[in-house]
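Going by the working numbering, the sequence shown runs without a break in its numbering and finishes at 559.
Using N, Cα and C, we set each Cβ at its ideal position, and we do this for glycine too.
Here's the structure we're looking at; comments come further down.
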Amino acid sequence: MKKEHLMKTLREPIRFLNREEMETIHRNALRILAEIGMKIDHDEALDYLQAAGCKIDHCKKIVKFPSDVVQKFVDKMKSDFKSRNEPGKMAVRYSHVRFRRENFCVHEDFTASAGGFCVHIFDLHGIRRSGTLQDTRDSLKLVAQLDQITYSGIPIAAQDIPVALRPITMAAELVKHTDKLGGIEAFNTFDIEYICRIAEVARGGREELKKNPILVGYAEARTPLAIDRNMCEIMIEYIKRGMPQSLDTMPNAGATAPMNPAGALTLGIAETLGGLVLGYTIDKDACMTIDVTPSFSDMGTGIFKYAGAERAPLIGARIQMISEYYGCPSGVHGGKTDTCVPDIRCGVEKAVSMIMPILCGAVGFGTLGQLENGATFSPIQLVMDNEIVRYVRRAITGFEVTDKSINVDIIKEIGIGGNYLQTEDTLNQFREFLNLSPFFKVQPWGIRNELDEVNRWERMAHKKTQELLKNEFMSPLNRDQILEIDKIVDEAAKKLHEQGQI
Numbered sequence: 058m059k060k061e062h063l064m065k066t067l068r069e070p071i072r073f074l075n076r077e078e079m080e081t082i083h084r085n086a087l088r089i090l091a092e093i094g095m096k097i098d099h100d101e102a103l104d105y106l107q108a109a110g111c112k113i114d115h116c117k118k119i120v121k122f123p124s125d126v127v128q129k130f131v132d133k134m135k136s137d138f139k140s141r142n143e144p145g146k147m148a149v150r151y152s153h154v155r156f157r158r159e160n161f162c163v164h165e166d167f168t169a170s171a172g173g174f175c176v177h178i179f180d181l182h183g184i185r186r187s188g189t190l191q192d193t194r195d196s197l198k199l200v201a202q203l204d205q206i207t208y209s210g211i212p213i214a215a216q217d218i219p220v221a222l223r224p225i226t227m228a229a230e231l232v233k234h235t236d237k238l239g240g241i242e243a244f245n246t247f248d249i250e251y252i253c254r255i256a257e258v259a260r261g262g263r264e265e266l267k268k269n270p271i272l273v274g275y276a277e278a279r280t281p282l283a284i285d286r287n288m289c290e291i292m293i294e295y296i297k298r299g300m301p302q303s304l305d306t307m308p309n310a311g312a313t314a315p316m317n318p319a320g321a322l323t324l325g326i327a328e329t330l331g332g333l334v335l336g337y338t339i340d341k342d343a344c345m346t347i348d349v350t351p352s353f354s355d356m357g358t359g360i361f362k363y364a365g366a367e368r369a370p371l372i373g374a375r376i377q378m379i380s381e382y383y384g385c386p387s388g389v390h391g392g393k394t395d396t397c398v399p400d401i402r403c404g405v406e407k408a409v410s411m412i413m414p415i416l417c418g419a420v421g422f423g424t425l426g427q428l429e430n431g432a433t434f435s436p437i438q439l440v441m442d443n444e445i446v447r448y449v450r451r452a453i454t455g456f457e458v459t460d461k462s463i464n465v466d467i468i469k470e471i472g473i474g475g476n477y478l479q480t481e482d483t484l485n486q487f488r489e490f491l492n493l494s495p496f497f498k499v500q501p502w503g504i505r506n507e508l509d510e511v512n513r514w515e516r517m518a519h520k521k522t523q524e525l526l527k528n529e530f531m532s533p534l535n536r537d538q539i540l541e542i543d544k545i546v547d548e549a550a551k552k553l554h555e556q557g558q559i
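So this is what it looks like as structure tokens:
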């Protein structure tokens with residue numbers, strides 16, 4: 058699309074926090090780490106932290122982080138983001154991170170990600186069931202063809218692949234089916250070894266992978282204030298391999314975090330800062346960032362809410378803290394819903410949870426195509442989400458105001474009582490300004506059979522999904538790369554079989 062006229066984008070983000078409030082969150086996060094600390098169940102990690110000046114109770118595996126130690130590494134991270142050249146950015150499990158300092162603003166070039174490693178699928182027949190390998194391949198076939206999807210992990214994880222082999226197999230399927238490579242799941246260090254080898258084949262070598270990381274998993278805190286042994290091992294392994302890392306944390310207000318959103322956000326900030334310190338103590342030159350994904354616990358079910366009006370300001374505040382205060386431009390949860398089926402509520406939650414983060418300054422959001430708090434993938438919903446992203450992208454794109462764009466000459470030419478429908482000016486410009494998606498046609502009552510189910514949104518999406526799945530698939534990899542990746546998966550399967558895990 059030409060941008061001759063669409064040059065002006067909303068720039069100033071919505072801010073829920075002022076500078077003093079951000080300082081208050083940071084100050085109290087430091088206090089949590091210094092006075093309460095974190096339980097880190099890994100001896101090697103404890104040794105790294107002790108060498109950096111942290112106070113360790115080896116019996117309880119409790120680490121207390123002196124505020125000056127934490128602040129030193131926060132300052133280092135900020136400095137790294139100002140000076141770093143590579144990697145420029147990296148897709149993560151639900152969006153992407155830009156490893157450079159940017160102005161805090163509304164990003165017209167925001168990204169939209171699919172993925173999520175869902176266990177269940179709400180299929181084309183309206184049946185919720187366990188996902189299969191064919192479902193995985195079909196989901197990636199859709200991702201490759203949907204123009205608004207920037208990155209993707211695995212939308213639906215094949216439950217017919219043994220658990221021990223699943224992350225490795227899924228990584229292989231991802232690179233063989235699309236070049237929109239997003240984050241991946243790694244259950245342990247065994248997975249990391251083989252996933253990194255797959256990534257090297259896809260990227261063309263180890264050095265290329267370090268410059269442009271793909272298929273990078275993550276460690277996650279167990280809120281409140283704990284990092285389990287396996288998560289420590291995953292973080293340590295990735296950092297030793299030179300891969301970017303953050304400690305992800307998902308405080309659930311009212312369950313694993315204070316009910317007040319200020320407390321929940323601050324707790325999450327403290328946890329991810331603890332991970333930051335650990336990362337830099339493993340390798341002073343590590344590529345580190347921070348991340349927190351807060352929400353509220355539904356008081357009726359205890360479920361972590363992926364959508365809801367109350368989450369919007371909490372996510373907005375999170376964006377400010379990570380992107381503006383700490384200087385780490387990143388994406389967040391968006392395009393989410395708590396509903397179990399594609400319905401009107403689903404559309405409301407999807408649209409609001411997309412546009413609000415972007416208006417608050419996020420560089421992207423994800424993961425799309427999900428229902429049921431991220432547990433279930435829907436191919437039809439993915440197609441609908443693609444159209445909602447298109448709508449949001451157009452909604453934040455403004456227009457240039459100049460003498461040329463106002464064009465008084467044509468207003469004078471048409472004059473009083475005329476119309477502009479047949480002018481070359483209209484013909485040349487309408488495609489730039491109108492959202493012409495067939496999902497957003499404007500038609501009066503009576504132009505078609507109003508009760509025709511074919512014209513309903515979900516029916517249109519169903520038809521579009523079927524059409525896309527019928528299209529011929531072409532792998533972005535060459536034959537030699539595919540064969541090499543298949544050998545890597547076979548080698549992993551053989552080792553797991555020898556160990557009695559499959």
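Near residue i, which residues of its chain fall below 6 angstroms by C-beta distance, leaving aside the five closest residues on each side in sequence?
i	result
A321	P308, A310, A314, P315 and P351
M147	V154, P270 and P301
G94	I119, V120 and K121
V258	Q538, E541 and I542
D236	P533
T480	none
T396	R402 and C403
Y295	Q302
H99	R286 and C289
C417	P70, I71, G373 and I376
Under the DSSP definition of a beta bridge, which residues are partnered with residue i?
i	result
Y208	S170
D305	E277
I372	Answer is none; I372 lacks a bridge partner.
G421	T168
Helix, strand or coil for residue i per DSSP?
i	result
F353	strand
H164	coil
K233	helix
K341	coil
K59	Low per-residue confidence applies at K59: pLDDT is 43, beneath 50, and the placement is therefore not dependable, though the value from the model is reported in the following sentence. In the structure shown, K59 sits in coil (DSSP, three-state: anything other than H, G, I, E or B).
S136	helix
T246	helix
S410	helix
V176	coil
S196	helix
Q427	strand
T433	strand
I415	helix
Tell me whether residue i counts as near the ligand NAP, meaning its Cβ is closer than 6 angstroms to at least one heavy atom of that ligand.
i	result
P370	The model on display carries no ligand, and the ligand NAP is accordingly not part of it.
Taking the C-alpha atoms as reference points, what is the distance between residue i and residue j?
i	j	result
T207	I468	40 angstroms
V334	R488	50 angstroms
H234	N535	11 angstroms
I326	F353	16 angstroms
A366	E406	8 angstroms
I437	P370	29 angstroms
E555	I347	38 angstroms
L330	D305	10 angstroms
M458	F422	As written in the sequence, residue 458 is Val, which differs from the Met given in the question. Answer to the nearest angstrom: the Cα atoms are 30 angstroms apart.
L553	P219	10 angstroms
Y105	G332	12 angstroms
H83	R260	38 angstroms
R513	K498	11 angstroms
M58	Q486	Residue placement at M58 cannot be trusted, given a pLDDT of 38 that sits under 50; what the coordinates show is reported in the next sentence. Those two C-alpha atoms are separated by around 11 angstroms.
A171	F434	10 angstroms
A109	D137	19 angstroms
F456	I463	11 angstroms
K133	K520	51 angstroms
P70	A419	9 angstroms
F156	A215	32 angstroms
Please work out which residues of its chain come closer than 8 angstroms, Cβ to Cβ, to residue i, disregarding the five sequence neighbours upstream and downstream, and give them in chain order.
i	result
N492	R447, Y448 and R451
A312	S354, G359 and F361
R263	E257
Leaving out the 5 sequence neighbours to the left and right, which residues in its chain are closer than 7 angstroms to residue i when beta-carbon positions are compared?
i	result
R375	L322, V349, P351 and V389
Q558	A221
N430	I360, F361, Y363 and D395
For chain C, find out if any of its Cβ atoms is closer than 7 angstroms to the Cβ of residue i; answer yes or no.
i	result
L181	Structure shown: chain C not included; a single protein chain is present.
Quick one: complete beta strand (DSSP E) runs, 3+ long, within the stretch 83-134? 95-97, 112-114 and 119-121, all fully within the stretch 83-134.
Ignoring anything shorter than 4 residues, give me the alpha helix (DSSP H) runs that lie fully in the stretch 445-503, in order along the chain. 460-463, 465-471 and 481-490
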